[in-house]
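Residue numbers (the working numbering), protein chains in the order written: chain A, 20 to 128; chain B, 238 to 468. C-beta: ideal position from N, C-alpha, C; glycine also. Step one of this worksheet: look at the structure below.
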């Protein structure tokens, strides 16, 4: 299993709230640290779903040439996500998540 | 008008399985008007969602923030739907027949189809497990044939069919009848748009057009970009 993550954190952070662990290390083969890797979808607490992109995708995906053009520019034409993001500087300000922290959990016993 | 009529069907506090499209609009309209305690359950796992904006997809972070619970899709179907905890389910489809059966599988013969449709998704399960089914669909003789080409979702639990001209309801044998008309529509208009000899209730209700509040919420707050609303 290869996981793509927004952020690497210390193991202590994971162990501080084990109820939220979905995939423990024992079943992970590799980790890719790739911020904004889920765009145009979302990562809660990091960035919002890019609904404008999804609406626009209907037009792009309807036409073969349009689709090829999109893939050339945003998939084959970039080295990595960082370059993908640099090409679209306004994404960050448009989609960056606000703050809404939960109350926290007491794991004492 | 369809969204407003659908919203008015929901009572405060009811548990609703919300799909995407017009029912999504209707549920959120109801929550902002007469049914603030409506419990919205989305297939993606958000239970008791309180979206601060209209979610365009069932996978939207606005469904997660502030909801009662976020679970897996299998839990939504097993713990809530199959357990009989869903009071209202909305369904739509390419064809709806005289008995409220819905077809979202195939137009024409199953083995040699004219059009292959997306299939059931969760619809068949919603149709048999939700306590009350509301269908939302636009009227036309093609969309309302006497018998569907394929029964994807059975019609036994259908309580209302909300169309663009009128509302149909089943009689005690489950046959859909004309029950209520929208403003400016006559019974003959509805009968002409249905593929069987549609009977009408002795006394037909006349539904009120959307109120100024409903229109303002629909057009300016919930769907300002007109993703669902056409007019």
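- With a cutoff of 8 Å on beta-carbon distance, residue 278 (chain B) and residue 313 (chain B) are scored as near each other.
- The DSSP-derived three-state label of residue 332 (chain B) is strand.
- Per DSSP, reduced to three states, the secondary structure at residue 70 (chain A) is helical.
- If you check the CB distance, residue 438 (chain B) and residue 418 (chain B) do not come in under 8 Å.
- Annotation: the stretch 240 to 266 of chain B contains no complete segment of the alpha helix (DSSP H) (minimum length 4 residues).
- Taken atom to atom, the span from the alpha-carbon of residue 442 (chain B) to that of residue 355 (chain B) is near 35 Å.
- Using a Cβ distance threshold of 8 Å, residue 435 (chain B) and residue 265 (chain B) do not count as a contacting pair.
- For residue 70 (chain A) and residue 293 (chain B), the gap between their C-alpha atoms comes out near 7 Å.
- Chain A places no beta carbon closer than 8 Å to that of residue 356 (chain B), leaving this residue out of the contacts.
- Within its own chain, the residues whose Cβ lies closer than 8 Å to the Cβ of residue 22 (chain A), once the five positions on either side in sequence are excluded, are 42, 47, 49, 50 and 51, listed in chain order.
- When C-beta distances to chain A are compared with 8 Å, the residues of the stretch 289 to 310 of chain B below that value are 293, 294, 296, 297, 298, 301 and 302, in chain order.
- Judged by beta-carbon spacing, residue 432 (chain B) lies within the 8 Å limit of residue 381 (chain B), meaning their Cβ atoms are closer than that value.
- Within the stretch 48 to 68 of chain A, 60, 61, 63, 67 and 68 place their CB atoms closer than 8 Å to a CB of chain B, listed in sequence order.
- Ranked by Cα distance from residue 310 (chain B), the first of B:405, B:324, B:359 and B:398 is B:359.
- In the DSSP assignment, residue 442 (chain B) is bridged to B:417.
- When beta bridges are read from the DSSP output, residue 345 (chain B) appears opposite B:350.
- Beyond the five residues adjoining it in sequence on each side, residue 116 (chain A) comes within less than 7 Å, by CB distance, of 64, 65, 66 and 67 in the same chain, given in chain order.
- By the CB criterion at 8 Å, residue 399 (chain B) and residue 239 (chain B) fall inside the cutoff.
- Residue 324 (chain B) is a Cβ neighbour of residue 369 (chain B), given a cutoff of 8 Å.
- Contact between residue 249 (chain B) and residue 271 (chain B) holds, with the beta-carbon distance rounding to 6 Å and staying under 8 Å.
- In the DSSP annotation of this structure, the continuous segment of the beta strand (DSSP E) that includes residue 406 (chain B) starts and ends at 403 to 407.
- Less than 8 Å divides the Cβ of residue 333 (chain B) from the Cβ of residue 374 (chain B).
- Proximity to residue 55 (chain A) across A:102, A:120 and A:78 peaks at A:102, based on C-alpha coordinates.
- Beta bridge pairing from DSSP links residue 326 (chain B) with B:254 and B:370.
- Ranked by how close their Cα comes to the Cα of residue 317 (chain B), the residues B:345, B:282, B:246 and B:288 have B:282 in first place.
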